[in-house]
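> If you read the sequences in order, they're chains A and S. So in numbering that gives the first Met the number 0, spot 18 of the first sequence is number 17, and the numbers just go up one at a time. So in numbering that gives the first Met the number 0, spot 264 of the second sequence is number 263, and the numbers just go up one at a time. Below you'll find the structure I mean.
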Amino acid sequence: MWLWLLRRLGQVIPTLLILSVLVFALQQLMPGDPALILAGEERGDPQVLAQIRAELMLDRPLHEQYLHWLWRVLHGDFGFSWRIRMPVGQLILEKLPVTFQLAAMSFVIGVAIGVPAGVMSAVWRDKPSDWAINGIALFGISMPNFWLGIMMILLFSVQLGWLPPSGYVPLWEDPVMSLQTTIMPAFVLGTGVASVLMRHTRAAMLGALSQDYVRTARAKGLSETFVVGKHALRNALIPVVTLGTIEFGRLLAGAVLTEQIFSIPGFGKLVVDAVFNRDYPVVQGVVMATALIFVTLSLIADMLYMAINPRLRTA
Amino acid sequence: MSGADIESGESPGRRALRRFAQHKLAMFGLVIVVIFVLAAALAPWIAPFDPMETNWSRLRQPPSWTHPFGTDENGRDVLSRVLHGARASMMAGVIAVGGAVLIGVPIGLLAGLGGKWMDMVISRVADAMLSIPFLILAIALAAFLGPALENAMLAIAISASPIFVRLARGMALDARNTDWVEAARAMGNPPWRIGLLHVLPNILPPLLVQATLAIAEAIIAEASLSFLGLGQQPPNPSWGSMLNSAQRFIESAPWLAIFPGLAIFLVVLAFNLVGDGLRDALDPRSQKR
């Protein structure tokens with residue numbers, strides 16, 4: 000186990016290093032001189048420009064700029080937002096809990112719908128209920144998140160007036176209000192997760208149900224509920240757990256447009272605002288942070304996989 | 000493969016085609032795709048109005064016989080804008096995925112056939128790119144490249160390419176250990192020739208499936224980027240930017256949000272249906288005949 004973990008970390012570190020090069024390289028795509036953008040009104044003053052260039056090390060060769068940037072990132076310093084005048088790291092840490100709440104709620108919704116639906120559709124393979132569930136999942140995968148969000152606002156806020164169309168209240172200030180403001184976006188994101196989990200649970204269940212141990216269990220005269228619940232599901236859930244962890248990471252990306260539509264001040268809205276304001280250090284910081292979260296999650300997924308599947312433990 | 004297939008003397012390609020044609024949902028998807036392709040191609044001739052023509056005497060009119068999808072906040076005909084918007088979406092979907100295939104497949108083949116070091120470097124770069132969620136990478140690239148439809152397509156192409164690197168690499172590694180590639184190598188064929196002549200034809204089926212499904216994702220991504228103002232620039236019509244401006248009028252003019260979104264949903268659904276159908280038809284292990 001420990002040896003495996005070490006080997007896995009040996010893979011992660013080069014990936015992260017390459018990632019840092021890629022994120023740094025994003026800057027180079029930018030049209031125009033960042034110093035000119037930063038200088039604003041004073042762009043005519045060569046002294047100001049020179050000072051900004053020296054501050055940002057734009058006057059140094061590229062590799063030096065990169066190493067300096069990497070050094071700072073390794074110390075948790077993601078630079079300074081050009082617009083809001085705050086450290087990027089602090090901005091991200093402030094917004095993350097909001098998005099985590101949203102992601103956690105969506106994830107719960109996604110698992111609560113997706114896993115049972117997948118099991119049912121595998122058990123009732125090729126029956127009308129299987130087709131219906133598959134059809135709904137296909138709708139869920141094809142539905143653009145942001146459109147579903149707008150349509151839900153139209154139905155539940157404008158037509159029925161049940162829920163507030165936008166805004167956010169933190170969980171610790173007013174839990175009820177907080178749930179009211181986040182339930183629609185969480186549902187929008189949750190449907191996507193549910194569709195993906197349903198498809199994978201179905202495939203895994205079909206695989207498990209055709210195994211010898213299931214046939215043995217049935218031959219022993221165990222009830223079908225017991226066979227499906229205990230023998231098949233437990234084995235089928237192994238790949239689903241791994242996938243679920245990765246899906247959780249993808250929720251962070253899905254949150255970008257959904258937060259924008261429901262005006263939720265989270266991680267996604269931070270990126271969008273940064274893009275609108277040409278606040279490049281924030282965009283870079285967010286990309287780096289999401290990738291870090293994603294890499295950590297897939298590491299956790301692998302460890303969970305090892306923990307659940309005893310056959311792999313000795314490897 | 001069952002004995003019946005061999006006896007019937009049907010080539011794998013023909014059999015896949017026949018199985019695809021019998022796949023009702025896939026054919027339904029294909030029909031929708033063709034309709035949208037035609038709408039995109041013929042938009043200037045079939046659209047009832049000029050998509051950019053503003054008219055202050057018909058602001059935000061609900062759907063009617065003259066304007067089946069209603070009119071928008073500048074008095075433009077929504078149906079005409081949806082039809083013209085199909086151009087941006089379909090083009091972005093197809094060109095971006097085409098670009099992703101052209102970038103990803105050769106690099107993936109190189110990783111699979113080029114030797115240990117090459118493989119390690121390419122795989123780590125692909126891993127690094129895959130660790131950034133697709134949409135966030137596309138948004139970041141488009142943001143740095145600057146707002147324009149071409150830049151959005153480039154951003155989507157780059158973000159989607161690592162999937163094709165992985166696919167091509169995996170298939171190349173599988174093919175490497177087969178007897179026919181072994182034989183080809185023994186005859187002194189250089190790696191690029193082996194990749195082009197012996198591996199590529201074999202990865203075409205999974206590539207086709209992956210590319211079709213990727214078009215669906217690319218269309219959503221283009222709509223998302225346009226929604227954020229990073230794709231097609233106004234006043235040129237695109238479904239994403241139409242949805243963005245529709246948000247402000249959701250209470251008074253909901254049709255502005257309904258029709259462009261419905262168009263995105265239908266096209267994406269259609270490409271997903273075709274992709275699923277292709278997967279079923281091309282899978283040699285599939286029992287269905």
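Positions of the beta carbon are idealized from the N, C-alpha and C atoms, including for glycine.
Have a look at Gly98 (chain S) and Gln259 (chain A) and give me their C-alpha separation to the nearest angstrom.
Taking the straight line from one Cα to the other gives about 29 Å.
> Quick one: grab the DSSP three-state call for Phe270 (chain S).
Helix, per DSSP.
> Please report the residue range of the alpha helix (DSSP H) in which Leu8 (chain A) lies.
Residues 1–28.
> In the DSSP assignment, find the unbroken alpha helix (DSSP H) run with Ile182 (chain A) in it and report its ends.
Segment 174–208, the alpha helix (DSSP H) holding Ile182 (chain A).
> Can you give, in chain order, each stretch of the alpha helix (DSSP H) that sits fully within the stretch 195–229 of chain S and has at least 4 residues?
Counting only runs of 4 or more, we get 199–226.
> For the stretch 69–77 of chain S and the stretch 48–57 of chain S, state whether three or more C-beta atom pairs, one from each stretch, are separated by less than 8 Å.
Yes: the two stretches touch, three or more of their Cβ pairs being nearer than 8 Å.
> Please report how far the alpha carbon of Met151 (chain A) lies from the alpha carbon of Thr181 (chain A), in whole angstroms.
Looking at the two C-alpha atoms, the distance is approximately 12 Å.
> Please classify Arg247 (chain S): is it buried, with 16 or more other beta-carbons within 10 angstroms of its beta-carbon, or exposed?
Looking at its Cβ environment, which holds fewer than 16 other Cβ atoms inside 10 Å, Arg247 (chain S) is exposed.
> At what residue ranges does the stretch 3–64 of chain S contain a whole run of the alpha helix (DSSP H), taking only runs of 4 or more?
Runs of the alpha helix (DSSP H) inside the stretch 3–64 of chain S: 11–21, 23–45.
> Terminal residues of the continuous alpha helix (DSSP H) containing Ser88 (chain S)?
That run of the alpha helix (DSSP H) goes 77–112.
> I'd like to know if Ala252 (chain A) contacts chain S, where contact means its C-beta is closer than 7 Å to some C-beta of that chain.
Closer than 7 Å: yes.
> Measuring only between beta-carbons, confirm whether Leu166 (chain S) sits less than 7 Å from chain A.
Leu166 (chain S) does not count as touching chain A.
> Looking only at its chain, what residues have a beta carbon closer than 6 Å to the beta carbon of Pro96 (chain A), apart from the 5 residues adjacent to it on each side?
Correct list: empty, nothing qualifies.
> Just tell me which of A:Phe293, A:Val271, A:Leu250, A:Glu41 has its CA closest to the CA of Ala103 (chain A).
Measuring from the Cα of Ala103 (chain A), the nearest candidate turns out to be A:Leu250.
> Quick one: Cα of Ile155 (chain S) to Cα of Ala220 (chain S), how far?
Each residue's Cα considered, the two are about 7 Å apart.
> Is there a C-beta anywhere in chain S that falls below 7 Å from the one on Ile149 (chain A)?
Interface residue, yes.
> Looking at the C-beta of Phe293 (chain A), does it have a partner C-beta in chain S at a distance below 7 Å?
Yes, Phe293 (chain A) counts as interfacial toward chain S.
> With the cut-off set at 7 Å, would you say Val122 (chain A) and Val227 (chain A) are in Cβ contact?
Yes, Cβ-Cβ distance for Val122 (chain A) and Val227 (chain A) is below 7 Å.
> With C-beta atoms as the reference, is Phe293 (chain A) less than 7 Å away from Ser130 (chain S)?
In this structure, Ser130 (chain S) lies closer than 7 Å to Phe293 (chain A) by Cβ.
> Given a limit of 8 Å on CB to CB distance, which residues of the stretch 103–135 of chain S reach chain A?
Per Cβ criterion, the list reads Arg123, Val124, Asp126, Ala127, Met128, Ser130, Ile131, Pro132, Phe133, Leu134, Ile135.
> Which residues of chain A have a Cβ atom closer than 7 Å to the Cβ of Glu72 (chain S), listed in chain order?
Chain A residues near Glu72 (chain S): none, gap ~16 Å exceeds 7 Å.
> Quick one: is Gly109 (chain A) buried, meaning 16 or more other Cβ sit within 10 Å of its Cβ, or exposed?
Buried, since its Cβ has 16 or more Cβ neighbours within 10 Å.
> Roughly how many whole angstroms lie between the Cα atoms of Leu101 (chain S) and Gln60 (chain S)?
Roughly 45 Å between the two C-alpha positions.
> Against chain A, does Ile219 (chain S) count as a neighbour if the rule is that its beta carbon must be under 7 Å from one of theirs?
Chain A, which has a Cβ nearer than 7 Å to the Cβ of Ile219 (chain S), makes this yes.
> Spell out the partners DSSP gives Phe79 (chain A) in its beta bridges.
DSSP lists A:Pro86 as partners of Phe79 (chain A).
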